[in-house]
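In this note's numbering, the protein residues as written are 3 to 237.
By construction, the Cβ of each residue, glycine as well, lies at the ideal position given by its N, Cα and C atoms.
Treat the numbers as computed from the prediction; the structure is a model and nothing was measured.
I have placed the structure first, in the form of structure tokens, so that the comments after it can refer back to it.
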Amino acid sequence: MSPARRALVVALDGPGSSGKSSVGAAAARRLGYRFCDTGLLYRAVTWLALERGVDLADSAALVALVDQVELAADEEGRLARVIVDGRDVTAAVRTAAVDAHVSEVARLPAVRAALLPRQRRIAAGGGIIVAGRDIGTVVLPDADVKIFLDASVEERARRRAAERGLGPDDAASARILDELRRRDRTDATRDVAPLRAAPDAVRIATDQLGFEETVAAVVAAVERVARSGTAAVGP
């Protein structure tokens, strides 16, 4: 088995639109690893709550939805599909409506506690990159490799707008920037599992990096640990 294919557990954290999903999936594919974006679980619960008219402040009602959502593998083996009641709702959980409310759901301690065992089960066995906002600090504090992707909020807003086919002067682009700023504040200041880099995380600033360069940096961090057999430590 090559060093890159050892069954390591990789925690990949960062703020919204920092590239965790796309970069993490590409790095996992290159390494022969599984990939899971845990944000999909929070998005799925949020979407289902909106769909059913559940009060987003009602922790008990939201927790009751947790077991009704599941992640399924796509054609490349990534846990990137969201299934609810046997339906694939992956596209629905990535809408602007979910963007606007997912932080309300994600900040609730009861919801985070309910999803924690699910995330740890997914990572069991290694050979996986798990992406989120608190993977290296809370979900998988003993991960073999911890990486924190970051970029300025302006760059992240530009990327998200581009994904939706919006120009820089579009009013919707300005709303995306405002929403990301709000989400950053919410994630960084919530009482439970606030967004922050683990002390031993490898930090990768992506403002000036292209997609392939960022993927290569993540793969290199994993391969260094695979070769050395010791945990990666950031600068």
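Delimiting residues of the alpha helix (DSSP H) encompassing residue i
i	result
A9	Run containing A9: none; DSSP gives neither H nor E here.
A222	F213 to S230
L118	P111 to A125
T139	That residue, T139, is in no alpha helix (DSSP H); it is neither H nor E in DSSP.
L179	A173 to T191
S20	First-last for S20: undefined, no H or E at that position.
R161	V155 to E165
A200	No alpha helix (DSSP H) contains A200, which DSSP labels as neither H nor E.
Reference residue i; option with closest CA among the options
i	options	result
D76	G21, D90 and D171	D90
L197	A102, L151, V71 and E225	L151
R109	R123, G129 and R45	R45
D39	V47, P143 and A27	A27
L118	R226, L43 and V227	L43
R158	G212, I149 and A203	G212
E78	A51, A93, A115 and G34	G34
A190	G16, A9, V11 and L10	G16
P201	K148, D193 and T92	K148
S105	W49, A94 and A82	W49
A228	G128, R185, P143 and D171	G128
R122	S24, V141 and A112	V141
P143	V155, R183 and A195	A195
G41	L73, A63, P170 and D69	L73
V100	R80, V47, K22 and S230	V47
Residue span of the beta strand (DSSP E) that contains residue i, given as start and end
i	result
D152	V147 to D152
A82	L81 to V86
R205	V204 to A207
A74	V71 to A75
Cβ-Cβ separation, residue j to residue i (assumed contact under 8 Å), whole Å
i	j	result
L14	A133	4 Å
V11	A125	5 Å
F37	I130	7 Å
Identity of the residues DSSP links to residue i by a beta bridge
i	result
I131	V12 and F37
R89	V86
Three or more beta-carbon pairs under 8 Å between the region 152-167 and the region 54-61, yes or no?
With the cut-off at 8 Å, the region 152-167 and the region 54-61 do not touch.
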